[in-house]
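Everything on this sheet refers to the single structure shown next.
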Amino acid sequence: MVFRLGLPVIVLLVGTVWFSWSWYRRAVLAEQAVADLNSETKALLREVRSLEKAVAAAEQGLRTLSSHPSVPRDVAVTADLTLADIRRLTEGKELDH
Numbered sequence: 293m294v295f296r297l298g299l300p301v302i303v304l305l306v307g308t309v310w311f312s313w314s315w316y317r318r319a320v321l322a323e324q325a326v327a328d329l330n331s332e333t334k335a336l337l338r339e340v341r342s343l344e345k346a347v348a349a350a351e352q353g354l355r356t357l358s359s360h361p362s363v364p365r366d367v368a369v370t371a372d373l374t375l376a377d378i379r380r381l382t383e384g385k386e387l388d389h
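My numbering applies: residue 293 is where the sequence shown begins, and numbers increase by one.
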């Protein structure tokens, strides 16, 4: 038995294989991009947590400094910023651009 394929059937098969392969490659690339974004997000969250800890430590140091009797009153008032004040300032709500 001789199996004969016409040109339209061969073109259809080649087109289907190519289309399937291209969609598969796009899916693999999208999955890699999502994995990269997830790892970057985790790294940024770790960085934010460490910065928040550093700001909290600095805030505690400023409170200690402002409560020391040898520190002048104007320095003590300036040093008595809370973390909420710092966040409000850094969010640009009170900064001139």
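Glycine included, every Cβ here is placed at the ideal spot set by N, Cα and C. The structure presented is a predicted model; accordingly, all values stated were derived computationally and were not measured.
Among the residues of its own chain, which have a CB less than 7 Å from the CB of residue i, if the five just before and after it don't count?
{"i": "residue 294", "result": "Note that residue 294 scores a pLDDT of 45, beneath 50, so its modelled location is shaky and nothing firm can be said."}
{"i": "residue 303", "result": "none"}
I want to see whether chain D comes within less than 8 Å of residue i, judged by CB atoms only; does it?
{"i": "residue 327", "result": "Protein chain content of the structure displayed is limited to a single chain, and chain D is not contained in it."}
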